[in-house]
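Number of protein chains: 2
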Amino acid sequence: MIEGHGDDRYRYQYDVKIDFSTNVWYDMDKDIVRQMILDTSDSVFRYPEPSAMPLIKKIANNLGVGDNMIIVGNGATELFYIIAHAFKKKHSIIAIPSFKEYEDATLMYEHKIEYIDINGEIPAHGDLVWICNPNNPDGKLWSLEKIEHLLRQNKNRIIVIDESFINFLLGDNSSLPLLDLYSNLIIVRSMTKSYCVPGLRLGYMVTSKDLTAYIKNYVQPWAINSIAIAVGRKLIDTKPLDNKSLDDLFSRKQNFTQALKEIDDICVYPSSTSFFLLTTPMLASEIKLLLLEKYGILVRDASNFRSLSDRHIRINTLQSEENQLLVNAFKNILK
Amino acid sequence: MIEGHGDDRYRYQYDVKIDFSTNVWYDMDKDIVRQMILDTSDSVFRYPEPSAMPLIKKIANNLGVGDNMIIVGNGATELFYIIAHAFKKKHSIIAIPSFKEYEDATLMYEHKIEYIDINGEIPAHGDLVWICNPNNPDGKLWSLEKIEHLLRQNKNRIIVIDESFINFLLGDNSSLPLLDLYSNLIIVRSMTKSYCVPGLRLGYMVTSKDLTAYIKNYVQPWAINSIAIAVGRKLIDTKPLDNKSLDDLFSRKQNFTQALKEIDDICVYPSSTSFFLLTTPMLASEIKLLLLEKYGILVRDASNFRSLSDRHIRINTLQSEENQLLVNAFKNILK
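Protein sequences, first through last, are from chains A and B. Under the numbering used here, the first residue of the first sequence is numbered 1, with each subsequent residue one higher. Under the numbering used here, the first residue of the second sequence is numbered 1001, with each subsequent residue one higher.
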């Protein structure tokens, strides 16, 4: 999706002062990242290792799996395209509303696509099921029991779990332990959201040795930039979202959503993570533009998520003062 | 091709002191690049513009073409895969020996592939013709007359000209002026070789508006890392390979090849550019390993280029002292 996503400030002439439009951990210590880039910048003078193996080994070691179970992508997004390519023309089931790239990737590779309500039952048929956990845009959480049911329900079918936001949860809900039991599980993770480096483009997938070997046939050489490989290796050793940070984030989210709920006309939807959906009586496109024009605030117009309405907006939780500015802005606009 | 290319030092335990294995402009002032990375490192904290438009506009402006005629790729290599995808299952004619990625990309997208001797006639049939100009690995130059003949011979057929090494020539031989006349021409360029930033992964293609609009359907969003976009924008404004640098490079190459030709048993092949092929009586794989083990010198075993023999090696021209060390090493090994 080249148009219609978050952090689309480049489309407007207004200065963005506060960005609620993407689900990135903005509290990451940026000086740590700046230093990592400085320390690794000379890597651009040589070709990167063609399959990003130095980073693969580091990730494998960190997760305690074999390096023959990992593929690194130029962002999690590239991995969705690689998976869609490896299973081209297959029957894909996509639980919606969700990240638009599952649809775009499977369309590009001519899948038969079946959309399923994320709150309904997933049928037992199909070749691939695409699930985001916790889900973007609504923060719905899939329990491991439910995911295991999907894996067991049809062992010939591949279950793709996008764990791009798995670090933005209170408590562990990763499907990683299921990898030992189910060879039809593919877990995709973004490395950029919890480290606040979305510009670096870095993601990885973990799956069985057999699926890794097969999917590698669809990977291009030298796809990952050498700075992304080198900085990624260093980031793996850091843990920006510790329990204290998460407790603080969720306490802010609690106050933020409570204040929003107190505004008449705003409906806030429950979410397991730091971002959430809301609706107002105004068109999402209109209120987005007003927030940007008058307050320099960027939100995500979520009306282009399949099955959402033209009133849906997605909001990330930021610092308390920033959250309060958005609450005030909504109050002024909707009064 | 994940295995079997240049700059494959990561495969060996030996320390590489001199690298003749890739065709990169190592005389680029690296401090300029380091400063550019430092100046743009904060771009990683935001998502890149999804289609790399800020870089596209800069390239378009530099070339004097519309920004609707440019697509930026994660290295020239990604563009070969995107083109192969856009014309999947078509009939591709590849002039060999040449860069292995035309073959790998068209194979991945199920083309019918026909290999043609680079010194023979290109037939009038087929849907795409892939030509590298000047050619990797042998430095063969295609005249613009010959390229125009191909474009005119069959206007329903797409001619892909890989100009990754076009800056490594004495005199201009780019097919860019032909874009005004032929809508079936695609020019692909690497931005990383003449600026010595192969780790950055940056290339672009220029073609007619219609072909650009069509091929864009096969481009993934956020494919280009934000540092690559930002540094690429700055690099466009610099010209590392001026006439003086080129004169110096070709004078060194003349001395280098002359010295190599004087060694019995070495056959040096003519080349229009700074890199060239040679053969020795030894297997390329053996002599490559000896050079690395005994001298810390890395060369490109060119035996995996389709139609070359197991004796072919590709060499880049470096500084005179470095070239002399390779000459001496060959003399010792082959005496």
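Positions of the beta carbon are idealized from the N, C-alpha and C atoms, including for glycine. Computed from a predicted structure; not experimentally measured.
A Cβ-Cβ separation of about 7 angstroms places A:M191 in contact with A:L235 under the 8 angstroms criterion. A:S226 belongs to the set of residues whose beta carbon lies under 7 angstroms from a beta carbon in chain B. Between the beta-carbon of B:I1224 and that of B:V1072 there is about 6 angstroms, and that keeps the pair under the 8 angstroms contact cut. For A:V129 against A:I122, the beta-carbon gap comes to about 6 angstroms, under 8 angstroms, which counts as contact. Following the DSSP letters along the chain, one finds B:K1112 inside the beta strand (DSSP E) bounded by residues K1112 to D1117.
For B:H1005, the three-state secondary structure derived from DSSP is coil.
In the three-state scheme derived from DSSP, where H, G and I count as helix and E and B as strand, B:L1200 is classed as helix.
In chain order, S1208 place their CB closer than 6 angstroms to the CB of B:S1183, counting only its own chain and leaving out the 5 sequence neighbours on each side.
Comparing alpha carbon positions, the residue from B:K1331, B:N1328, B:A1302 and B:F1330 closest to B:F1099 is B:A1302. The shortest C-alpha to C-alpha distance from B:I1116 to any of B:I1266, B:V1219 and B:A1095 is the one to B:A1095. Within the stretch 259-329 of chain A, the complete alpha helix (DSSP H) segments at least 4 residues long are 284-295, listed from N- to C-terminus. Distance between A:D138 and A:E49, taken at the CA atoms: about 38 angstroms. Scanning B:I1093, B:V1160, B:N1074 and B:H1312 for the CA closest to the CA of B:I1113 turns up B:I1093. Interface with chain A (7 angstroms Cβ-Cβ cutoff): B:R1157 is excluded. A:V33 sits in a helix when the DSSP states are folded into three classes. Boundaries of the alpha helix (DSSP H) harbouring B:R1152: L1144 to Q1153, taken from the DSSP string.
The stretch 1023-1031 of chain B and the stretch 166-183 of chain A do not touch, with fewer than three beta-carbon pairs separated by less than 8 angstroms. Beyond the five residues adjoining it in sequence on each side, B:D1015 comes within less than 6 angstroms, by CB distance, of G1296 in the same chain, given in chain order.
In the pairwise beta carbon analysis, the stretch 1320-1328 of chain B is classified as touching the stretch 1258-1275 of chain B: at least three pairs are separated by under 8 angstroms. At a Cβ-Cβ threshold of 7 angstroms, A:K331 and A:I263 count as neighbours. B:C1196 belongs to the set of residues whose beta carbon lies under 7 angstroms from a beta carbon in chain A.
Taking the Cα of B:N1074 as reference, the smallest distance to any Cα among A:P134, A:F20, A:A105 and A:R201 is reached at A:R201.
Per the coordinates, the alpha-carbon of A:D104 lies some 11 angstroms from the alpha-carbon of A:E78.
DSSP assignment within the stretch 1124-1193 of chain B yields the following whole beta strand (DSSP E) runs of 3 residues or more, N-terminal first: 1128-1132, 1158-1162 and 1185-1190. Bridge partners of A:I59 according to DSSP: none are assigned.
Ranked by Cα distance from B:P1134, the first of B:N1173, B:I1158 and B:H1125 is B:N1173.
Residues of the same chain with a CB within less than 6 angstroms of the CB of B:P1198, apart from the 5 flanking positions on each side, are V1024 and T1192 in chain order. A:S271 places its beta carbon 7 angstroms or farther from that of A:L249.
At a Cβ-Cβ threshold of 7 angstroms, A:R233 and A:L277 do not count as neighbours.
Identification of chain A residues near B:E1078 by a Cβ-Cβ cut-off of 8 angstroms yields Q220 and A223, ordered along the chain.
Nearest to B:A1124 by alpha-carbon distance, out of B:L1141, B:Y1102 and B:N1154, is B:N1154. Residue pairing from DSSP places B:V1206 in a beta bridge opposite B:I1070 and B:I1187. The criterion of a C-beta distance shorter than 7 angstroms is satisfied by B:T1212 and B:M1069. Comparing alpha-carbon positions, the option among A:K58, A:T279 and A:M108 lying closest to A:I266 turns out to be A:T279. Contact with chain B is absent for A:S143, since none of that chain's Cβ atoms lies less than 7 angstroms from the residue's Cβ. Among the bridge pairs identified by DSSP, A:H85 is matched with none.
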